[in-house]
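Chains as they are written, first to last, in the numbering used here: chain E, 1 to 613; chain S, 1001 to 1180; chain Z, 2001 to 2189; chain R, 3001 to 3304; chain H, 4001 to 4367. Just so it is clear, CB atoms sit at the ideal spot from N, CA and C, and this is done for glycine as well. Below is one structure, written out as structure tokens; comments come after it.
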């Protein structure tokens, strides 16, 4: 039987089985979860090539095949999915309705696999809807408090889906086919109005999932309020479906080369998403919220990379997408572990868990270094390629905006590590233990993976280049295991960099550890140089509230957007894009409709004149 | 190579560096603090001897007790001294650290500093002139070079005795243990 | 020297309150003594009606022989340029005085000090008890009956004096092998 | 092959030593010059070496956990690591080290590595001063990195390379230093350098009167000593980077010393006569003129 | 687990604190939401000790009340004793006393330059100004024998006459300092960064200043023309020609400008004194200290120091020792309750800066 179908079946069968097994025995359920999670991994990596699978149902031709680009995302789905499932066993222990949870989990994994393998628009849309609904059910899994968040999410997703459906219907009427490929071929021949409309509708549909700038409203809340075990997949992988779709639309439809300004708008939207989400991320007090905003920011880079659309920037975009899947999954797992062990995710309350949860800290640190793009870990590779490609393709102001958000990302990166793991130790958290083994394994797995991909990005770049050369229409995209080369022909050897970093670090670390070992002593954080005053129990020496107050003051104009948005009226919103987005938190459905309409109008206004150049 | 000799050479180098690099903790415990700026600044310029300020006890070598210590300050001074890292030196500055000076009958100041902290060198006068301060520092440097400035060691060895004296004055003793 | 401003003020005060005594000490200074009950009205009066906005000082004298504390309030007027010393006596045992925190904000600090140093209570006054002293267990130290010398003997060490009565200067010089210049010798004993 | 490795090792050691010694003397000289401006004699120029030996010779070292213990090692990675990728002298005149990989954007990030590691170490101390100092430092970094990156982007656009050695080569080929070829980029980078060197008015991280030396307030002995040496190396790294990027590198060590020291004097002397900014003022400063110059530099590089 | 503000202790061991005191800050971000000062680290129980000392012994203690500016303390003690005893002071002694007071003001101003700039991170000015202060201390040393503690102004006059040629040396130092003032202007007052830091920080407006009993430069910086030297002239201030500078800004910058103007006034005052200095006796002989008694009575004497109004309440019970000496330090209000109020809403970076501009001086608070 076709291995693609088997994978799909495993996921869907897993969904049903686990729901059934939950009724009988928790152990059986867990076993099924692990098996159904890990089997696709084994299957996926053991099979060198997937055959296509075609059948006809209800008058529609369905055609399933794993494209080369989809292959990368599918790898992400199975790996992160399996890790999240393993993680979930420990994390979800003791919660109710677990069968329901796992069912939806498997459904969304299966639907993602389905999306990636769909070569026709019908099954693509169906799987897309399954994905949306299964993720919605998990978003509202945590009780009625999340209902409103879920509503926002499902509202946006539904709008996106309808936009997509409209586009699919339009394609069908235009081409008479429901195959992606036919659409890609026919697109060039369509009238520019159709081209424009279909692209906008698709970008709208995918942009919702990819949390693109004006459509990101749902993301922060939904990511932070679903169970962390799922959020690892939700933010790490599910959002990448949007990226996958965007990549298809932007590149396959040749939007980049044919509609320069259109792609510029998307690229700038991505950059602005990154910048604004970053500065909002660093004022969050909840680690889940912080990570959620950070996800939005990272997706901004990815969208920019894809929208700019040169070979290198596309490669950077996809590479960052994969890497983001890995490190964000790791970080959400860390957040989950902290939530589980310490009982809170509020950085105003958490403190100094480093000595309690050292392995979790290492995971967090490695993932954060990858996120911040600091060499020698993988994030650096993606950032480097993104900058080089942006500079190389003369997007010099875009690169400044991206760089601003990436520098500001250090702030929330540090905030994350400090807020959870560092600072003054407190009696309250004396009982906290290291996360259970089943949670640690996936986390440490990602740690190793991130370290490896930092030095050998070729592991990811290879398939990406393969996808670009075969199927995405790029020609002659080169890649090497651990050498990066930019458009000017300058290259850097990552293995050399990693070696230097590691060797220098080890030398000085040994020096610091061994020198005067006898006189080196650990003292508690209660014994600090407190201006001579004895440390008093009633005082709190942990610095947590309003961590980046100076930054907020310095960036007051940017933050003021948000403030005025709360109180601003709708007429302000028409003037200012950003002011308007704030209204969306009002929970008023009508506003959303206006807002979505406005977005479409703006896109039309922007692109209509330019697309017809 | 003779191990003892090499140790000796290392000690000489160490002591030479220690002697010429004295980080004085910025703690004005008493009125003598007024002459410290004068000592540090342009006319007397203590920095030419390698004497400079340090902001926190972790970084400092020298604890300069600039004058009388009220009991309230003594508690902080002990705390600060114990946070400093070996080798560390204490300079008693002004007559009032030696025998109480003009505060001999004050109910709130301690009279004999060396009962509470191991003083390496005293500078007398009320208040000592900057020249005297510098001379005191040079005296300390001589002690360090000779390897005799071992107040910290003395403190560690006789901790119980010092503690008893300190606790006699400081009623509410809540401080971390001292073990280095 | 013209003292009519001072005279006028004293007359005003005498007209409104029953002063136990009142005198013009010198220019810029008048001294009045009132009963305890009159203190707050008088202070309020001089502040609000006469413009004595600045409280310069509150002092206290312990007349242990007569068994009373004498509190002296000293408001000053920037316009009139007169400082009124308002004296009031309160009994020494269970000393208590009205709180004037709300009349002058800075009285807060003074009252904290008086409470700590003399043990005078100010009912209704909010402020930390520890101000200058820390963990003080004895009687308030500024009271006359607190014997500081005995306390010192009790709590602190004493360095014995030298018996030999040698001259310090010459001894130091001898020790460090330094020559005392001739002109300095006459200052040595 | 074996010889290559030994040569590489030798190069690493010699370069690091050169950077360390030069940096230490520069720091000593800065103290001396500051002292002269302040009407003082000042410490001997080798004073920093004595301080360093003293700090390393401290008998005890107190730490609040292994992150603080390793904090200085992160700093060292950043300092020594960046040094490896920067050509000290012009091509062929000094050890090549790893200058073939000396990509400027990579360096930007590597230079941050140490600060972040150090910040983690400072965070673990649990001292509020440290944490506030770190937030200040990171906030300031967001400020000065923008003009600095703009200057770098302008250079990349102008010379069509991101390799430092290549930029150096390109300057030689054209015969014009880039500080003259694109003066705006130089000005933007120089103004950013004020923040990077953390002399007054941008010494807000460890401001003693405000935060009691900020992130390092819990570090003494060997930690402080290692930090001090890494600062020395790092000062050299930054100076050489500036000289390479904007002043056409150097042909011999004397020229290098003249150029780098000349450059070093600019933030130093500016710092001597200015009080420090508040954090937000510092960031606003960088987003004022320096950023404007950066934008002009980019436009100049594009349209030139 | 409620959200707690961060506690940051500023002092007693802190490079930014003035003297030996403590400010406990509660922080939200780096903004202060609550400040609590604690003093008492320097409590020596002077007022208790003085009850055990006779009238002349007391005189030696007086200067130790406030270290940065000891002479006004000696002066008010001398004047308080004179007021109770009715002792006359020779005219020349009054001139010399005034000169000493003004010299003390000058050196204190220079110390304030150091503190204000040191807390802002401009380390060159402290180095210069404390260096220049030494020239004034040299004059003191020549006149009194001590650099910091002079024990010079005693009841009935001053202890010693001026040495030969002292006036010319004073004038020389005045010329030098006046010249240096230009350097300070360039470094500090013309510095845009210093202005940016100082403007709009630590505002104490007029209503608040009067309500809280603010004195000295902070009061004048919000437009109140108040100076003890004019309001209640002592020594020979009524014979001298000087103005009381005021500003309207009420912030650190305004206080700095006020002090700068006062600095210039002090130089001019000293020049006037030397110009007008009469010849004659310098003290009225005091009786044998052991038998020296004062009539029963009290006196409250005030003087204007750099930090503001200082006062001394002296109560004599007719014996040879004071019944009660109570000193009102200028910083008594500034450094305790007012500071707690002013710091709220400010930034951590400005705490030390504001404290210096208010002229907090712990030794005179707790005595």
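**Study point:** Start-to-end residues for the alpha helix (DSSP H) that takes in residue 469 (chain E)
**Key:** 458 to 469
Check your understanding: Taking the alpha-carbon positions, what's the residue 1064 (chain S) to residue 232 (chain E) distance?
Key -> 56 Å
**Study point:** CA-to-CA distance, residue 4231 (chain H) to residue 2083 (chain Z), given in whole angstroms
**Key:** 11 Å
Check your understanding: Once you ignore the five residues that flank residue 348 (chain E) on each side, which residues in its own chain have a CB closer than 7 Å to its CB?
Key -> 285, 544 and 545
Check your understanding: Can you name, in chain order, every residue of its own chain whose Cβ lies under 8 Å from the Cβ of residue 29 (chain E), other than the five neighbours on each side?
Key -> 18, 21, 22, 98, 99 and 102
Exercise for review: Would you check if the distance between the CB atom of residue 270 (chain E) and the CB atom of residue 319 (chain E) is smaller than 8 Å?
Suggested key: no
Review point. So, residue 425 (chain E) versus residue 3126 (chain R), is the Cβ gap smaller than 8 Å?
Key: yes
Review point. With 16 as the cutoff for other CB atoms within 10 Å, does residue 490 (chain E) come out buried or exposed?
Key: Burial call: buried.
Point to revise | Contact list for residue 4010 (chain H) against chain E, beta-carbon separation under 9 Å | key: Identification of chain E residues near residue 4010 (chain H) by a Cβ-Cβ cut-off of 9 Å yields 531, ordered along the chain.
Review point. In whole angstroms, what separates the C-alpha of residue 4284 (chain H) from that of residue 4273 (chain H)?
Key: 21 Å
Practice item. From the DSSP output, read off the bridge partner residues of residue 3208 (chain R). Key: Residue 3208 (chain R) pairs with nothing; no bridge assigned.
Check your understanding: residue 3233 (chain R) and residue 3080 (chain R): beta carbons closer than 8 Å?
Key -> yes
Exercise for review: From the DSSP output, in three-state form, read off residue 2073 (chain Z) for me.
Suggested key: strand
Check your understanding: How many Å lie between residue 234 (chain E) and residue 211 (chain E) at the Cα?
Key -> For residue 234 (chain E) and residue 211 (chain E), the distance between alpha carbons rounds to 12 Å.
Practice item. List the residues of chain H whose Cβ lies closer than 7 Å to the Cβ of residue 2132 (chain Z), in chain order. Key: 4039, 4040, 4043 and 4366
Exercise for review: Take the Cβ of residue 1173 (chain S) as the centre, count every other Cβ of all protein chains shown within 10 Å, and call the residue buried at 16 or more, exposed below.
Suggested key: Residue 1173 (chain S) counts as exposed, since fewer than 16 other beta carbons sit within 10 angstroms of its beta carbon.
Check your understanding: Applying a beta-carbon distance threshold of less than 7 Å, which residues of chain H neighbour residue 3203 (chain R)?
Key -> 4121
Review point. Between the stretch 413 to 443 of chain E and chain S, which residues of the former have a C-beta closer than 9 Å to a C-beta of the latter?
Key: Against chain S - using a Cβ distance shorter than 9 Å - the stretch 413 to 443 of chain E contributes no residues.
Practice item. Could you tell me the distance, in whole angstroms, from the CA atom of residue 4120 (chain H) to the CA atom of residue 3204 (chain R)? Key: The C-alpha of residue 4120 (chain H) lies about 10 Å from the C-alpha of residue 3204 (chain R).
Exercise for review: Using the Cα positions of residue 1074 (chain S) and residue 3276 (chain R), report the straight-line distance between them to the nearest angstrom.
Suggested key: 34 Å
Exercise for review: Kindly indicate which residue of Z:2113, Z:2119, Z:2172 and Z:2135 has the alpha-carbon position closest to the one of residue 1170 (chain S).
Suggested key: Z:2135
Review point. What's the gap between the Cα of residue 366 (chain E) and the Cα of residue 450 (chain E)?
Key: 7 Å
Exercise for review: Assuming residue 4133 (chain H) and residue 4107 (chain H) form a contact by the criterion Cβ under 8 Å, report the distance between their Cβ atoms to the nearest whole angstrom.
Suggested key: 5 Å
Check your understanding: Where residue 529 (chain E) and residue 3040 (chain R) are concerned, what is the direct C-alpha to C-alpha distance, given to the nearest angstrom?
Key -> One C-alpha to the other measures close to 31 Å.
Review point. Would residue 1072 (chain S) pass as a contact of residue 4011 (chain H) if the rule is Cβ separation under 8 Å?
Key: With a cutoff of 8 Å on beta-carbon distance, residue 1072 (chain S) and residue 4011 (chain H) are scored as not near each other.
Point to revise | Among E:371, E:515, E:110 and E:36, the one whose alpha carbon lies nearest that of residue 238 (chain E) | key: E:110
Check your understanding: If you measure beta-carbon to beta-carbon, which residues of the stretch 1057 to 1072 of chain S are closer than 8 Å to chain H?
Key -> Within the stretch 1057 to 1072 of chain S, 1057, 1068, 1070 and 1072 place their CB atoms closer than 8 Å to a CB of chain H, listed in sequence order.
Review point. For the 8 Å Cβ check, are there 3 or more pairs between the stretch 3237 to 3251 of chain R and the stretch 509 to 528 of chain E?
Key: no
**Study point:** Continuous beta strand (DSSP E) stretch holding residue 1053 (chain S): start and end
**Key:** 1051 to 1054
Review point. Hey, quick one: how far does the beta strand (DSSP E) through residue 4297 (chain H) stretch, first residue to last?
Key: Under the DSSP assignment, residue 4297 (chain H) falls in the beta strand (DSSP E) whose first and last residues are 4297 to 4305.
Practice item. Would you tell me roughly how many angstroms separate the C-alpha atoms of residue 2088 (chain Z) and residue 4169 (chain H), rounded to the nearest one? Key: Straight-line measurement puts the Cα of residue 4169 (chain H) at about 51 Å from the Cα of residue 2088 (chain Z).
Exercise for review: Taking only beta carbons into account, state which residues of the stretch 4179 to 4205 of chain H come closer than 7 Å to chain R, listed in chain order.
Suggested key: 4187, 4191, 4193, 4194, 4196 and 4197
Exercise for review: Give, in chain order, every unbroken run of the alpha helix (DSSP H) that is at least 4 residues long and sits entirely within the stretch 2073 to 2120 of chain Z.
Suggested key: 2107 to 2118
Point to revise | Nearest-angstrom beta carbon gap, residue 4101 (chain H) and residue 4368 (chain H) [assumed within contact, 8 Å] | key: Outside the shown range of chain H (4001 to 4367) lies residue 4368 (chain H), about which nothing can therefore be said.
Exercise for review: Kindly indicate which three-state DSSP category residue 2065 (chain Z) falls into: helix, strand or coil?
Suggested key: coil
Point to revise | Own chain residues within Cβ distance below 7 Å of residue 464 (chain E), not counting five before or after | key: 72, 315, 318 and 319
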